[in-house]
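Only one structure is covered here, and it is reproduced in the block below.
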Amino acid sequence: MNAVFITYFWLNGVKDFIYVIWYYCAKSKLSKKYKNVIDTDVSMANDRVLFLYCTCNDFEGSSLLKCMNQDYKNYKVVILDDSSKEEYIRQVDSFAKEHEIEVVRRQNRVGFKAGNINHYLLRDDVKGKYDYAVILDSDEIIPNDFIKSALKYFYYYNNVGIVQANHVSTRNSNLFMRLFHIGVNSHWPTYQGMKHRYGFSTMLGHGAMIKRECYEKAGGFPPLVAEDLCLSIEARNHGYLVAFAPEIICMEEYPVDYFAFKKRHSKWTQGNLEFIKKYTGKIVKSKMSWFEKWDIVLFTYNLPLTAIFAFYIFLNLIALPLLGVDLSSIYQIWMIVPTIVFFFSPMLNDFITWMFRINPLRFVSYFVLVVILYGSMLTTSLISALLGMLGKKAKFIVTPKSSEKITILKALRFQLNEFIFSSVLLAVSLVFTRSAYPVILIVLTGYLSFFLAFLSNKRYKEKEYSLDDTKTTEISLRQNKAYLYKVSAERNSLM
Numbered sequence: 009m010n011a012v013f014i015t016y017f018w019l020n021g022v023k024d025f026i027y028v029i030w031y032y033c034a035k036s037k038l039s040k041k042y043k044n045v046i047d048t049d050v051s052m053a054n055d056r057v058l059f060l061y062c063t064c065n066d067f068e069g070s071s072l073l074k075c076m077n078q079d080y081k082n083y084k085v086v087i088l089d090d091s092s093k094e095e096y097i098r099q100v101d102s103f104a105k106e107h108e109i110e111v112v113r114r115q116n117r118v119g120f121k122a123g124n125i126n127h128y129l130l131r132d133d134v135k136g137k138y139d140y141a142v143i144l145d146s147d148e149i150i151p152n153d154f155i156k157s158a159l160k161y162f163y164y165y166n167n168v169g170i171v172q173a174n175h176v177s178t179r180n181s182n183l184f185m186r187l188f189h190i191g192v193n194s195h196w197p198t199y200q201g202m203k204h205r206y207g208f209s210t211m212l213g214h215g216a217m218i219k220r221e222c223y224e225k226a227g228g229f230p231p232l233v234a235e236d237l238c239l240s241i242e243a244r245n246h247g248y249l250v251a252f253a254p255e256i257i258c259m260e261e262y263p264v265d266y267f268a269f270k271k272r273h274s275k276w277t278q279g280n281l282e283f284i285k286k287y288t289g290k291i292v293k294s295k296m297s298w299f300e301k302w303d304i305v306l307f308t309y310n311l312p313l314t315a316i317f318a319f320y321i322f323l324n325l326i327a328l329p330l331l332g333v334d335l336s337s338i339y340q341i342w343m344i345v346p347t348i349v350f351f352f353s354p355m356l357n358d359f360i361t362w363m364f365r366i367n368p369l370r371f372v373s374y375f376v377l378v379v380i381l382y383g384s385m386l387t388t389s390l391i392s393a394l395l396g397m398l399g400k401k402a403k404f405i406v407t408p409k410s411s412e413k414i415t416i417l418k419a420l421r422f423q424l425n426e427f428i429f430s431s432v433l434l435a436v437s438l439v440f441t442r443s444a445y446p447v448i449l450i451v452l453t454g455y456l457s458f459f460l461a462f463l464s465n466k467r468y469k470e471k472e473y474s475l476d477d478t479k480t481t482e483i484s485l486r487q488n489k490a491y492l493y494k495v496s497a498e499r500n501s502l503m
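Following the numbering used here, the numbering of the sequence shown begins with 9 at its first residue and continues without gaps.
Okay, here's the thing in structure tokens:
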């Protein structure tokens with residue numbers, strides 16, 4: 009079992025190294041592959057486009073209003089409202105009345121976000137009356153040339169069924185968001201750009217445009233928590249690909265505080281475990297290439313495997329010492345060193361992107377705190393995975409869009425599981441190995457995560473966070489050549 013777990017762990021680490029290093033070595037060459045797409049003429053396009061704004065107790069009218077400012081005429085906005093709170097229902101109705109927008113609600117909320125979209129698109133009076141659908145989350149802000157830019161991919165490639173746009177994190181109004189949002193900005197172009205060319209490119213839930221034929225042949229969104237990933241696989245099995253468009257820059261919000269981040273992480277873990285149960289067989293039997301299948305396995309199986317990781321830890325801390333096995337004889341230096349390197353490999357892309365480009369103190373703080381942030385997610389992943397394995401149905405958790413002031417009592421209450429797990433793990437290690445070293449990193453991140461809860465209490469005015477948003481966005485886009493695509497597109501539009 010040790011060999012299996014370490015092999016998977018190493019494969020993930022190797023994947024991160026290869027993706028990042030290859031991207032930065034070949035990004036100029038990769039960018040040229042987009043030239044013909046960007047040069048595609050869509051000036052005469054008149055396809056019928058639906059904007060599907062999905063909301064559930066998190067309506068943001070200002071974001072939707074900006075999305076509606078398109079340089080394209082033949083589109084219609086529909087609000088798919090799953091809200092249950094009266095205050096949000098009133099906001100939606102007021103906005104819809106002012107801007108003459110259709111609002112669609114349903115009596116039940118079966119199928120989560122997927123069910124919400126399917127409820128509308130699979131209606132008899134909607135089928136066949138649109139050509140493309142754009143999926144928007146409540147905090148989404150898309151550029152005014154989104155439709156025309158996405159259409160270029162559909163016109164250039166016959167087999168593209170979904171276009172997934174690039175994203176940056178903006179409106180980072182507190183310290184928690186300001187510290188951690190830069191990871192979003194650097195992740196999208198690197199990893200999604202590589203998956204577009206060398207892996208399995210997927211829709212990522214929002215800021216995406218779907219061709220009607222692709223959607224209908226796939227049977228709509230599978231009614232699962234990870235509806236975007238599942239639709240991508242269904243589309244692939246019907247001969248369609250997901251194209252990543254790095255030059256289409258959309259804006260999203262980072263989780264507003266540590267607890268919102270935990271809820272989103274729990275949703276991802278539950279969704280991935282549900283996906284494993286439902287789709288592993290389909291992946292094995294599909295006609296996808298071997299590297300596409302491996303890409304899916306390495307990117308989606310890691311969160312649910314946390315439960316196995318915990319079992320692996322306790323096995324090594326308890327069972328092996330009781331059997332008289334010397335752990336140092338198993339975990340020799342040739343195994344420990346690469347394992348440590350691969351543990352930090354997911355941070356390589358951030359390191360390259362932000363090194364010498366932001367304040368040194370901010371740079372160091374980010375990398376220390378991001379280790380604590382993701383290290384502390386072990387407990388959340390473990391609980392979510394175990395509950396899923398025991399039969400609890402995955403639940404689509406809407407990430408909170410607002411944050412209250414965090415008190416010490418509230419932080420203690422929300423971090424109780426992390427404290428208990430870290431303490432038990434530390435006690436087991438001390439009893440059976442007479443040392444805290446085997447679990448020191450896990451224990452420290454569990455305890456120190458308590459302090460992350462208070463970062464969101466430091467708030468910024470709009471003028472302050474707007475300046476920082478602009479700076480970090482420009483750094484990440486220039487570093488990842490996204491401006492190269494944009495400049496090329498603007499130049500061609502003037503010719």
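Ideal Cβ positions, reconstructed from N, Cα and C, are used throughout, including at glycine.
Answer with buried or exposed for residue i, where buried requires no fewer than 16 other C-beta atoms within 10 angstroms of its C-beta.
{"i": "P312", "result": "buried"}
{"i": "E148", "result": "buried"}
{"i": "S484", "result": "buried"}
{"i": "A315", "result": "buried"}
{"i": "P368", "result": "exposed"}
{"i": "G399", "result": "exposed"}
{"i": "R179", "result": "buried"}
{"i": "M385", "result": "buried"}
{"i": "N500", "result": "Model confidence at N500 stands at a pLDDT of 42, short of 50, so the residue's coordinates are unreliable and nothing is read from them."}
{"i": "Q200", "result": "buried"}
{"i": "R442", "result": "exposed"}
{"i": "I348", "result": "exposed"}
{"i": "G332", "result": "exposed"}
Go ahead and pull the three-state DSSP assignment for residue i.
{"i": "S157", "result": "helix"}
{"i": "I505", "result": "Summary: the structure shown does not reach residue 505, with the chain confined to residues 9 through 503, and so no result is reported for it."}
{"i": "M363", "result": "coil"}
{"i": "C258", "result": "strand"}
{"i": "P89", "result": "Note on identity: in this sequence residue 89 is Asp, with Pro being the wrong assignment. In this structure, D89 counts as strand in the three-state DSSP scheme."}
{"i": "S177", "result": "strand"}
{"i": "R205", "result": "helix"}
{"i": "G123", "result": "helix"}
{"i": "G169", "result": "strand"}
{"i": "V57", "result": "strand"}
{"i": "R131", "result": "coil"}
{"i": "L2", "result": "Shown here, the chain extends from 9 to 503; a query on residue 2 therefore has no answer."}
{"i": "N182", "result": "strand"}
{"i": "V447", "result": "helix"}
{"i": "M503", "result": "With a pLDDT of 32 at M503, under the threshold of 50, the modelled position of this residue cannot be trusted; read the value that follows with caution. Note: M503 maps to coil in three-state DSSP."}
{"i": "Y83", "result": "strand"}
{"i": "R467", "result": "strand"}
{"i": "A34", "result": "helix"}
{"i": "A327", "result": "helix"}
{"i": "I26", "result": "helix"}
Measuring alpha carbon to alpha carbon, tell me which of the options ends up nearest residue i.
{"i": "F459", "options": "W276, I416, F352", "result": "I416"}
{"i": "T308", "options": "A461, T347, K285", "result": "K285"}
{"i": "N166", "options": "S181, F59, S177, C222", "result": "C222"}
{"i": "L58", "options": "I450, V86, V45", "result": "V86"}
{"i": "K225", "options": "Y42, L237, L130", "result": "L130"}
{"i": "V134", "options": "A104, R220, P151", "result": "R220"}
Taking the continuous alpha helix (DSSP H) assigned at residue i, which residues delimit it?
{"i": "T441", "result": "424-441"}
{"i": "C75", "result": "69-75"}
{"i": "S51", "result": "Looking at the DSSP string, S51 is not in any alpha helix (DSSP H), and its letter there is neither H nor E."}
{"i": "T387", "result": "385-397"}
{"i": "A268", "result": "266-293"}
{"i": "T481", "result": "470-487"}
{"i": "S102", "result": "94-107"}
{"i": "N245", "result": "235-245"}
{"i": "N533", "result": "With the chain running from 9 to 503 in the structure shown, residue 533 is simply not present."}
{"i": "A315", "result": "314-322"}
{"i": "E300", "result": "298-308"}
Span of the beta strand (DSSP E) holding residue i?
{"i": "V112", "result": "110-112"}
{"i": "L144", "result": "140-144"}
Under 8 angstroms, Cβ to Cβ, is there at least one residue of chain D near residue i?
{"i": "I26", "result": "Annotation note: the requested chain D is absent from the structure, which comprises a single protein chain."}
Item to check | Contact the segment 68-85 vs the segment 148-157: 3+ CB pairs below 8 angstroms | outcome: Touching, per the Cβ criterion.
Checklist entry - Is the number of C-beta pairs between the segment 173-192 and the segment 248-262 that are closer than 8 angstroms three or more? => result At 8 angstroms Cβ cutoff, the stretches touch.
Checklist entry - Does the segment 20-34 come within contact of the segment 126-142, defined as at least 3 CB pairs closer than 8 angstroms? => result These segments do not touch.
Checklist entry - Does the segment 263-281 come close enough to the segment 453-471 that 3 or more CB-CB pairs lie under 8 angstroms? => result Of all C-beta pairs linking the segment 453-471 to the segment 263-281, three or more are shorter than 8 angstroms, placing the two stretches in contact.
Checklist entry - Touch check for the segment 130-142 and the segment 186-198: three-plus C-beta pairs under 8 angstroms? => result No, the segment 130-142 does not touch the segment 186-198.
Checklist entry - Given 8 angstroms as the limit, is there contact between the segment 389-408 and the segment 273-281, that is, 3 or more CB pairs closer than that? => result Per the Cβ contact rule, the segment 389-408 is in contact with the segment 273-281 (3 or more Cβ pairs under 8 angstroms).
Checklist entry - Does the pairing of the segment 197-209 with the segment 95-108 give three or more beta-carbon distances under 8 angstroms? => result As far as the Cβ criterion goes, the segment 197-209 does not touch the segment 95-108, which means the pair count is below three.
Checklist entry - Is the segment 108-123 close to the segment 21-38, with three or more CB pairs under 8 angstroms? => result They do not touch, by the three-pair rule.
Checklist entry - Do the segment 443-450 and the segment 427-435 touch if we need at least three Cβ pairs shorter than 8 angstroms? => result In this structure the segment 443-450 touches the segment 427-435; the number of beta carbon pairs closer than 8 angstroms is three or more.
Item to check | At least three beta-carbon pairs within less than 8 angstroms, the segment 279-294 to the segment 229-243 | outcome: Yes: the two stretches touch, three or more of their Cβ pairs being nearer than 8 angstroms.
Checklist entry - Does the pairing of the segment 241-250 with the segment 291-307 give three or more beta-carbon distances under 8 angstroms? => result Three or more Cβ pairs closer than 8 angstroms define a contact, and the segment 241-250 meets that threshold against the segment 291-307.
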